[in-house]
Amino acid sequence: MNYQPSDFLPILVQLVAALAFIVATMLATHWLGPKRHSVLKDDAFECGIESVGDARTPISVKYFLVAILFVLFDVEIIFMYPWAVNFMGWVKSTSDVAITMFLEMLVFMGLLLLGFIYVIKKGVLTWEK
Amino acid sequence: MNAIIALSLFGISNLFLGFLNNRKILLPATLVFILIALGLNFADWNHEYYWFNNMLKTNNLSVNFVTIILLSTFLVVAISRSFGDDDEHSHPAEYYAILLFSAVGAIMMVTFENLIMLFVGLEILSVSMYVLTGSDKRSLRSNEAALKYFLMGSFATGILLFGVALVYGATSSFDIHGIAQGVAKAKEQMGGAYGPLLYSGVILIMVGLLFKISAAPFHFWTPDVYDGAPSIFTAFMSTVVKTAGVAATYRILSISFPSVYGLWGNPLVYIVCATLIIGNITAVYQQSFKRMLAYSSISHAGYLLITVLAKRPETNSSLLFYSLAYAIATITAFAVLMVVSEAQAKNGKADESFEALNGLANNNPLLAFSLTISMLSLAGIPLTAGFFGKFFVFSDAFSNPSSLFKWILVIAILMSTVGIYYYFKPIIAAYMKKGEVAKIELSPLYKFILILTTTLTILLGLAPDLVKNIF
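Top to bottom, those sequences are chains A and B. Every letter in the first sequence is one number past the one before it in this note's numbering, and letter 88, counting from 1, is 80. Residues are numbered in this note's numbering as their position in the second sequence, beginning at 1, plus a constant of 13.
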């Protein structure tokens, strides 16, 4: 198997087609669709409640911390899925790769746990402080 | 290579040591941690080991580079003075932990055997540096520097990754020796020519790495970032990051791509000349000592790249010697700059201009003397380590048969002369200008480090063979 860059031309064609479709549909809706403005219609939709003030107010950094920690641990848990899917295969194989992979996952989880302990001891998750 | 594992664990234990609420314990603990890592590093001496499924490889060259990196880290930590005593706004445990983690990244960058490890190491180092650059949270300039460094650095990493992907496309290998074979095979198939994939891949990898060592024209972030970051982290950046970056550049160019020298050598000629000229000429116009040191670090990247370009058998040892001499002198300069700029602070802001040094020698002879020796070393005046660093680099370039190197040498020597002008500015300020600097109280450790680095600079200038024989 020896691919040349020219073999990937269909990808380029598909890219152009996809972009062209987006541009074409956006232009078409802007041209074809009717435009009716009214005060109520241009108002920001907030579940039927009248919006008050500016959205750009200072928000406690705690929300951000919790959100970013959630993302962090969430992403790290995702690494376990491919590991778990392959694990039975390693167990069935004759070599001792299963033990190695199990220990490696232990190390990974251990580091994750240490990070979690650090987060708790730092008091990031104590909301009222 | 157990140093990597040890440093990672030490970094984590540093984080937890922070919960003891005892700032005094952190500095000695970190110093001990680095010394243990240094000892583990020497265990690989005189062996060629592959580690972690051929991901990393240690040999004497890499052990030497790791020693320089850990020594620089040690010196930087030793002059950090536990980051003041502001419990609310400074977090010494985290800073020390991040410094240890970034040392791990730097070690991976000098021992990588696989381009994936180069990427991982570079990212560990860079991300740590983005955080540390912005660690002075209340300073606007520190924040600006961190954001600039982050945006540009992530682009550079992206470019490097793009280059890695293209090189993989051209040679179907991530392994640096495998790439060398792939390049040779591709050349054979194409009758001595090389395809566009390899060409763009090598150039993009080079761009990504040269950005990290701030070679022109990828140097624009350097002055702002070095100036904005807290001085202690600037010292770390300009020594450890530069050493690791140059080592990584040299490693990949000399192992993977020696057979396509024309491909990376030709652009590198212009990059070296541009780096030398821009770095040195711009440094002349600086009013701030710290900013001048930033431009000086750009120019030293140029000198280091000369020997990478010359591709001589002696390049290994010249690179090591130059990095060592440069690291020691730079850390001394930053150590002096830090205490003096804090003592001369105006309105709570550290004064980093040359004027802050006026009359330093009257009350602080040790600081002034260390500053002088480090500046002489950076300028390359004989009887200092910097002179022999430059001497070895220039003789590498001279012994390359290509006549092009004579012209590079002409530029390099002219620019060294320019360097003498701006490196003497702080010396003149310290000894000849009228001014008053109150006597600055130094801790015993701080004094010891200043004396140690100054002695080392002079010692290596008198007897370079002491370490040159090891390298």
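For every residue, glycine included, the Cβ atom is placed at its ideal position computed from N, Cα and C. These numbers were taken from a predicted model, which means no experiment stands behind them.
Note to self: So, with DSSP's three-state summary, where would you put Phe0/A?
What the structure shows: Looking up residue 0/A in the first sequence gives position 8. It is helical.
Next item on the list: Determine, using beta carbons only, whether Lys113/A comes closer than 8 Å to chain B.
Entry: Here residue 113/A is taken as the residue at index 121 of the first sequence, counted from 1. Answer yes: the Cβ-Cβ gap between Lys113/A and chain B drops below 8 Å somewhere.
Item checked: Cβ-Cβ distance between Leu20/B and Ala116/B below 8 Å -> Along the second sequence, one-based indexing puts residue 20/B at 7. Along the second sequence, one-based indexing puts residue 116/B at 103. Against a cut-off of 8 Å, the Cβ pair of Ala116/B and Leu20/B comes out as a contact.
Note to self: Less than 8 Å between CB atoms is the rule here; does Ile25/B satisfy it with respect to chain A?
What the structure shows: Here residue 25/B is taken as the residue at index 12 of the second sequence, counted from 1. Answer yes: the Cβ-Cβ gap between Ile25/B and chain A drops below 8 Å somewhere.
Check: For Ser227/B, which option in Gly448/B, Ile424/B, Leu40/B, Val259/B has the closest C-alpha, if you only look at C-alpha atoms?
Finding: For this step, residue 227/B is matched to residue 214 along the second sequence. Looking at the Cα atoms, Val259/B is the closest of the given residues.
Note to self: Counting only Cβ-Cβ distances shorter than 8 Å, please list the residues of the region 192 to 218 of chain B near chain A, keeping chain order.
What the structure shows: Hits within the stretch, in order: Pro209, Leu210.
Notebook entry, point to check: Which residue's Cα is closest to the Cα of Glu101/B: Arg151/B, Leu479/B, Leu88/B?
Noted result: Here residue 101/B is taken as the residue at index 88 of the second sequence, counted from 1. Comparing Cα-Cα distances from Glu101/B to each of Arg151/B, Leu479/B, Leu88/B, the minimum goes to Arg151/B.
Next item on the list: With a 10 Å radius around its C-beta and 16 neighbouring C-beta atoms as the bar for buried, classify Phe65/B as buried or exposed.
Entry: The residue labelled residue 65/B in the question sits at position 52 within the second sequence. Phe65/B comes out exposed.
Check: Buried or exposed: Pro457/B, going by 16 or more other Cβ atoms within 10 Å of its Cβ?
Finding: As a working note, residue 457/B is residue 444 in the second sequence. Within a 10 Å sphere around the beta-carbon of Pro457/B sit fewer than 16 other beta-carbons, which makes this residue exposed.
Check: By the criterion of Cβ-Cβ separation under 9 Å, what are the contact partners of Phe32/B in chain A?
Finding: What you label residue 32/B is simply residue 19 of the second sequence in a count that begins at 1. Tyr110, Lys113, Lys114, listed in chain order.
Notebook entry, point to check: What did DSSP end up calling Asn66/B once you bin it into helix, strand or coil?
Noted result: In the second sequence, the residue the question calls residue 66/B occupies position 53. DSSP places Asn66/B in coil when its eight states are reduced to three.
Next item on the list: Kindly give me the distance between the Cβ atoms of Ala242/B and Ala158/B, rounded to whole angstroms, as I take these residues to be in contact under 8 Å.
Entry: Reading the second sequence from its first residue, position 229 is the one you call residue 242/B. Reading the second sequence from its first residue, position 145 is the one you call residue 158/B. Contact holds; Cβ gap of about 5 Å.
Next item on the list: Can you have a look at Thr430/B and say buried or exposed, based on whether 16 or more other CB atoms are within 10 angstroms of its CB?
Entry: Sequence index remark: in the second sequence, residue 430/B carries index 417 (1-based). Classification for Thr430/B: exposed.
Check: If we count Cβ pairs, one from each stretch, closer than 8 Å, do we get three or more for the region 278 to 290 of chain B versus the region 406 to 425 of chain B?
Finding: The region 278 to 290 of chain B is in contact with the region 406 to 425 of chain B.
Checklist line | Pairwise C-alpha distance: Gly147/B and Phe382/B | finding: The residue given as residue 382/B occupies position 369 in the second sequence. The residue given as residue 147/B occupies position 134 in the second sequence. Their Cα atoms are separated by approximately 32 Å.
Margin query: Counting only C-beta atoms, is Pro(-3)/A closer than 8 Å to chain B at any point?
Written below: Residue mapping note: residue -3/A aligns to position 5 of the first sequence, counting from 1. Closer than 8 Å: yes.
Notebook entry, point to check: Given Lys200/B, which residues of its chain have a CB within under 7 Å of its CB, disregarding the five upstream and five downstream residues?
Noted result: In the second sequence, residue 200/B corresponds to position 187, counting from 1. Tyr207, Ser272, listed in sequence order.
Check: By Cβ distance below 6 Å, which residues in the same chain neighbour Phe175/B in space, the five residues on each side in sequence not counted?
Finding: Here residue 175/B is taken as the residue at index 162 of the second sequence, counted from 1. Excluding positions up to five away in sequence, the list reads Leu217.
Next item on the list: Identify each residue in the region 42 to 59 of chain A for which the Cβ-Cβ distance to at least one residue of chain B is less than 8 Å, and report them in chain order.
Entry: Along the region 42 to 59 of chain A, none of the residues has a CB nearer than 8 Å to a CB of chain B.
Checklist line | Residue environment, Trp119/A, which counts as buried when at least 16 other CB atoms sit within 10 Å | finding: Here residue 119/A is taken as the residue at index 127 of the first sequence, counted from 1. Exposed is the call here.
Check: In terms of alpha-carbon separation, which member of Phe96/B, Tyr434/B, Phe29/B, Phe187/B lies closest to Ile112/A?
Finding: Within the first sequence, numbered from 1, the residue matching residue 112/A stands at position 120. With distances taken between CA atoms, Ile112/A lies nearest to Phe29/B out of Phe96/B, Tyr434/B, Phe29/B, Phe187/B.
Next item on the list: Measure the CB-CB distance between Val257/B and Ala363/B and report whether it falls below 8 Å.
Entry: For the purposes of this step, residue 257/B is identified with residue 244 of the second sequence, where counting begins at 1. For the purposes of this step, residue 363/B is identified with residue 350 of the second sequence, where counting begins at 1. Looking at the sequence provided, one finds Ala at residue 257/B rather than Val. The answer is no: Cβ separation not under 8 Å.
Item checked: Within 9 Å of chain B by C-beta, residues of the region 88 to 111 of chain A in sequence order -> Result list: Leu103, Leu106, Gly107, Ile109, Tyr110.
Notebook entry, point to check: Hey, would you say Tyr239/B sits closer than 8 Å to Lys161/B, going by beta carbons?
Noted result: Mapped onto the second sequence, residue 239/B falls at position 226. Mapped onto the second sequence, residue 161/B falls at position 148. Going by C-beta atoms, Tyr239/B is not nearer than 8 Å to Lys161/B.
Next item on the list: Tell me whether Arg264/B is buried or exposed, calling it buried when 16 or more other Cβ atoms sit within 10 Å of its Cβ.
Entry: As a first step, residue 264/B must be located in the second sequence, where it is residue number 251. By the C-beta density criterion, Arg264/B is buried, having at least 16 other C-beta atoms within 10 angstroms.
Check: Between the beta-carbon of Leu511/B and the beta-carbon of Pro(-3)/A, is there less than 8 Å?
Finding: Past the boundaries of the shown model lies residue 511/B; chain B is included only from 14 to 484, so the question cannot be answered.
Notebook entry, point to check: Along chain A, which residues have their Cβ under 7 Å away from the Cβ of Leu28/B?
Noted result: The sequence position of residue 28/B within the second sequence is 15, counting from 1. Those are Tyr110, listed as they occur along chain A.
Note to self: DSSP has Phe125/B in a bridge; who is on the other side?
What the structure shows: The residue labelled residue 125/B in the question sits at position 112 within the second sequence. In the DSSP output, where bridge partners are listed per residue, Phe125/B has Leu69/B.
Check: Where does Lys403/B fall in DSSP's three states?
Finding: The residue you call residue 403/B lines up with position 390 of the second sequence. The answer is helix: DSSP assigns Lys403/B an H, G or I state.
Next item on the list: Identify which residue in Ile290/B, Phe400/B, Met130/B has its Cα closest to the Cα of Ile5/B.
Entry: Because chain B spans 14 through 484 in this model, residue 5/B falls outside it and cannot be assessed.
Check: Whose C-beta lies closer than 6 Å to the C-beta of Ser251/B among residues of the same chain, with five residues either side of it excluded?
Finding: Working through the second sequence from its first residue, we reach residue 251/B at position 238. In the same chain as Ser251/B, and ignoring 5 residues on each side of it, the C-beta atoms closer than 6 Å to its own belong to Ser310, Thr343, in chain order.
Note to self: Considering only the alpha carbon of each residue, which of Ala442/B, Thr124/B, Pro378/B lies closest to Tyr63/B?
What the structure shows: Stepping through the second sequence from its first residue, residue 63/B is reached at position 50. Closest by alpha carbon: Thr124/B.
Item checked: Outcome for Gly25/A when other beta-carbon atoms lying within 10 angstroms are tallied against a minimum of 16 -> Taking the first residue of the first sequence as 1, we reach residue 25/A at position 33. Under this definition Gly25/A is an exposed residue.
Item checked: 7 Å CB neighbourhood of Ala16/B in its chain, flanking five on each side removed -> One-based indexing of the second sequence puts residue 16/B at position 3. So the list reads Ala50, Leu53, Asn54, Val79, Ile120, once near-sequence residues are dropped.
Item checked: Residue nearest to Lys13/B in terms of C-alpha spacing, selected from Phe400/B, Asn376/B, Ile483/B -> For residue 13/B there is no data in the structure shown, the boundaries of chain B being 14 and 484.
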